[in-house]
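Below is one structure, written out as structure tokens; comments come after it.
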Amino acid sequence: MSIQLLNPTDEHFELIDDLIQAAFDRKAEAELVRKLRLNSNVYDPLLEYLILSNNTPVAHILYTHNRIIQGDFVHSVLVMAPVSVHPAFQRQGIGTRIITETLQDLADRNYEAVLVLGHAGFYPRFGFQSSTLWQIEAPFPVPEDAFMALELRPGSLSNKSGVLQYAEEFYSTVA
Ligand SMILES: CC(C)(COP(=O)(O)OP(=O)(O)OC[C@H]1O[C@@H](n2cnc3c(N)ncnc32)[C@H](O)[C@@H]1OP(=O)(O)O)[C@@H](O)C(=O)NCCC(=O)NCCS
């Protein structure tokens, strides 16, 4: 089996759309990705990744630039969302692979930290911890252990307590 991790381009976007819809069994997350791509303040093509298995798209992940608001201060931070593995390929280690390899790529490129809202039983294996550790809050009520953060550079989140302000596309797309 040939597995390839790449930054997708226009030619992949329709297939990615199908992949995300299949993973979530609804359209909202695919629509979110389409909208985020149009916002150059938050989207960087080098922060979108796709895994092809024998040339078939099987996993996708997007990181975007968002902001932690701390009074008058604004800190830039990456948010990982959404993460999608095609249902036919789930529970075979592909999700672990795309998350591990892309976090390493971000660390290599000197990004400092990543936030994620997701399954508390899944993300801690990659080093994510409850964001309450750094007093970073979600902008809406969430189960405490579902909102998590990872320092790619140790200490990078110290003194960055505050409230995450997602890019507006998150509020207008995903219920
Ligand atoms: C969550 C997801 C990305 C995991 O990818 P994957 O390729 O299936 O995961 P892997 O095979 O690498 O790892 C499997 C592990 O993920 C865990 N996992 C998968 N789906 C999960 C879920 N919904 N809740 C909690 N854990 C989950 C499994 O329990 C398994 O854990 P184990 O190793 O302790 O048994 C994938 O299942 C998916 O795309 N789901 C639908 C979309 C989604 O929920 N995205 C994430 C939003 S936070």
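When you line the sequence shown up against our numbering, it's residues 1 to 175, in that order.
Note that CB positions come from ideal geometry on N, CA and C, so glycine has one too.
All figures in this text were calculated on a predicted structure; none of them were measured in a lab.
- Not one heavy atom of ligand 1 sits closer than 8 angstroms to the Cβ of residue 124.
- With fewer than 16 neighbouring CB atoms inside 10 Å of its own CB, residue 140 falls in the exposed class.
- Going by DSSP, residue 132 is part of no alpha helix (DSSP H) at all; its letter is neither H nor E.
- Judged by DSSP in its simplified three-state form, residue 122 adopts coil rather than helix or strand.
- A Cβ-Cβ contact shorter than 9 angstroms links residue 5 with residue 97.
- Between the alpha carbons of residue 131 and residue 99 lies a distance of about 18 angstroms.
- Rounded to the nearest whole angstrom, the C-alpha separation of residue 159 and residue 66 is 17 angstroms.
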